[in-house]
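A short write-up of the structure that comes next.
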Amino acid sequence: MADGENKRAEPADAAELDEPLLKRPRLLDPPGDSEHGAAGGTEPVEAEPALMEETQQASLNNNNNKHTEPGQTAEPEPELSEFIDEGVHPNGFTSPDLLHDDDDCSSRASSSDWTPQPHIGSYRFIQQHIMRGTDPRAILKDLLPETVLPPDLDDMTLWQIIINISEPPKRKKRKDINTLEDVVRLLNERKKVLVLTGAGVSVSCGIPDFRSRDGIYARLAVDFPDLPDPQAMFDIDYFRRDPRPFFKFAKEIYPGQFQPSPCHRFISMLDKKGRLLRNYTQNIDTLEQAAGIQKIIQCHGSFATASCLVCKHKVDCEAIREDIFNQVVPHCPRCPSDIPYAIMKPDIVFFGENLPEFFHRAMKQDKDEVDLLIVIGSSLKVRPVALIPSSIPHDVPQVLINREPLPHLNFDVELLGDCDVIVNELCHRLGDDFEQLCYNLSRLSEITEKP
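In UniProt numbering, the protein residues as written are 1 to 451.
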């Protein structure tokens with residue numbers, strides 16, 4: 001195909017399936033619900049340590065790294081105050097395991113075991129100097145002795161310069177991996193595929209959304225007018241005071257009510273074929289287990305088990321199902337009934353709790369073994385999970401399957417559109433057992449646009 005030429009072939013049955021497009025390495029489908037779209041067309045968010053407020057991973061030194069949501073203008077670069085308070089929920093709740101290298105001080109494993117370290121000490125080092133009131137000009141003089149700084153630069157700007165300098169180098173896109181066929185080839189060749197998933201893999205499963213007009217957050221605000229913020233139900237301190245809002249939510253998303261999506265089944269087939277290194281999911285819906293995925297890391301926990309807040313007694317989710325559906329706060333069977341905090345809390349990461357240690361241990365091992373990274377249905381805004389693409393060797397191919405691009409990262413191929421539709425096409429092209437997973441016989445065509 002000549003440079004600049006666009007070509008579009010019609011799918012086998014255009015009436016059956018809206019066709020995603022491939023814009024260079026990008027697969028796009030038109031606005032609107034797909035055959036497997038969520039009811040109402042509103043996508044649930046992935047668990048962001050229990051649906052935490054999204055914190056964008058963005059480099060401060062490049063405006064092109066800003067992430068833009070559909071229908072919105074680009075977000076401004078983070079202010080220095082956001083950097084200082086990055087571990088705090090906007091309403092004052094402490095969020096877990098976001099940035100600092102001592103993010104898991106209660107365990108032996110933390111994100112510093114597997115993430116790239118800044119060039120200047122650590123983020124904690126910078127933060128401590130900011131809080132102490134250190135003159136940033138003194139630090140910059142040591143770092144850049146030949147540089148003359150303009151006298152009118154304020155301290156905030158100077159600290160942002162220091163933070164920019166401290167960032168590890170950004171991964172560059174590989175020039176030899178560009179097309180959908182390249183992705184198919186890699187899926188056939190690679191034996192240690194790391195799949196990172198978010199809400200986009202579950203959107204077609206019928207799981208209630210959170211942020212729409214009639215979503216869970218809106219209904220909680222009506223049922224619990226004293227709730228300071230809908231996400232307060234995921235704050236561990238608020239949960240101890242009043243667990244009812246959380247268990248109202250838990251009833252709607254509890255395991256056993258939903259079936260896996262084509263994306264889940266695709267990952268399960270990779271596992272059965274011996275090609276999956278591990279599936280890291282940010283979701284808490286346990287649909288990975290329902291799909292039969294064995295090599296799974298639930299980064300933000302899940303509803304699969306529940307533990308007592310007092311004695312840590314752990315039970316399977318079935319042990320508290322009846323209480324959940326009867327809207328009774330489940331009490332620990334081993335603790336005396338007069339202990340009010342002896343609540344069986346599903347093992348989901350709340351604000352104020354650390355990510356599980358096994359997540360950090362697994363990433364420390366997997367980052368050196370992975371030979372292909374595929375991100376499916378995630379905005380990658382929440383640390384430390386958002387740091388995974390930048391933490392593996394830069395020569396490992398990286399593929400994005402998502403509705404929107406992620407400008408703050410350099411993927412080799414971006415397949416943009418409905419995740420199920422894209423995975424359906426991949427399964428057609430992979431053939432063999434993968435073709436049995438296809439839920440639609442229509443085929444997609446490819447459009448290549450060269451700059």
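We put the CB at the ideal spot given by N, CA and C, even for glycine.
Computed from a predicted structure; not experimentally measured.
For Cys419, the three-state secondary structure derived from DSSP is helix. CA-to-CA, the gap between Gln257 and Gly206 works out to about 9 Å. Contact between Phe411 and Val399 holds: CB atoms are separated by about 6 Å, below the 8 Å threshold. Assignment of Asp235 by DSSP, reduced to helix, strand and coil, places it in the strand class. With a contact defined as Cβ atoms closer than 8 Å, Val310 and Ile339 qualify at about 6 Å. Beta-bridge partners of Gly133 (DSSP): none assigned. Taking C-beta separations shorter than 7 Å and ignoring five residues to either side along the sequence, the partners of Ile320 in its chain run Ala306, Pro330, Met344, following chain order.
In the DSSP secondary-structure assignment, Gly301 is bridged to Ile348. The straight-line gap separating the alpha-carbon atoms of His264 and Phe239 is approximately 31 Å. Between the stretch 180-194 and the stretch 378-386, the count of Cβ pairs shorter than 8 Å is below three; the stretches do not touch. Bounds of the beta strand (DSSP E) holding Tyr280 are 276-281.
The closest CA to that of Ser337, considering only Ile177, Cys308, Glu404, Asn178, is found on Cys308. Annotation for Leu373: no alpha helix (DSSP H) segment contains it, though the beta strand (DSSP E) segment containing it runs 372-376. The beta carbon of Gly301 is closer than 7 Å to those of Ile284, Asp347, Ile348, Val349, Pro356 in its chain, skipping five residues each way along the sequence. Cβ-Cβ distances below 7 Å link Ser202 to Pro44, Ser261, Asn283, Asp285, Leu287 in the same chain, with the five nearest sequence neighbours on each side left out; the list follows chain order.
If you look at Lys248, you'll find it in the alpha helix (DSSP H) that goes 244-253. Of the candidates Val423, Asp368, Ile139, Arg174, Ile139 places its Cα closest to the Cα of Gln160.
Secondary structure of Ala306 (DSSP, three-state): strand.
Take Ala290, set aside five residues on each side of it, and the residues of its chain with a beta-carbon closer than 6 Å to its own are Pro260, in chain order. In the structure shown, the three-state DSSP call for Leu400 is strand. One thing to note: Lys251 has its Cβ within 7 Å of the Cβ of Phe325. Here Ala221 is exposed. Its C-beta has fewer than 16 other C-beta atoms within 10 Å. Taking all protein chains in view, the Cβ of Pro333 is surrounded by fewer than 16 other Cβ atoms within 10 Å, so the residue is classified as exposed.
Membership of Lys364 in the alpha helix (DSSP H) is indicated by the continuous run 357-366. Ile296 is bridged by DSSP to Asn279. Counting along the chain, no beta strand (DSSP E) covers Asp271; the unbroken alpha helix (DSSP H) around it starts and ends at 262-272. Beta-carbon to beta-carbon, Ile376 and Cys419 are separated by about 6 Å, close enough to satisfy the 8 Å threshold. In this chain, Asp316 is not harboured by any alpha helix (DSSP H); it is covered by the beta strand (DSSP E) spanning 314-316. Only buried fits Met269, as 16 or more other CB atoms lie within 10 angstroms of its CB.
Comparing C-alpha distances from Pro243 to each of Ile162, Val328, Asp432, Glu318 shows the shortest one belongs to Val328.
According to DSSP, residue pairing for Thr197 in a beta bridge involves Thr281, Ile376.
Taking the C-beta atoms as reference points, Asp271 is found nearer than 7 Å to Ile293. Secondary structure note for Glu288: its alpha helix (DSSP H) is the uninterrupted segment 287-290. If the five residues before and after Phe266 are omitted, its C-beta is found closer than 8 Å to the C-beta atoms of Val423, Leu426, Cys427, Phe434, Leu437, all from its own chain and listed in chain order.
A residue is called buried when at least 16 other Cβ atoms come within 10 angstroms of its Cβ; Gln128 does not meet this threshold and is exposed.
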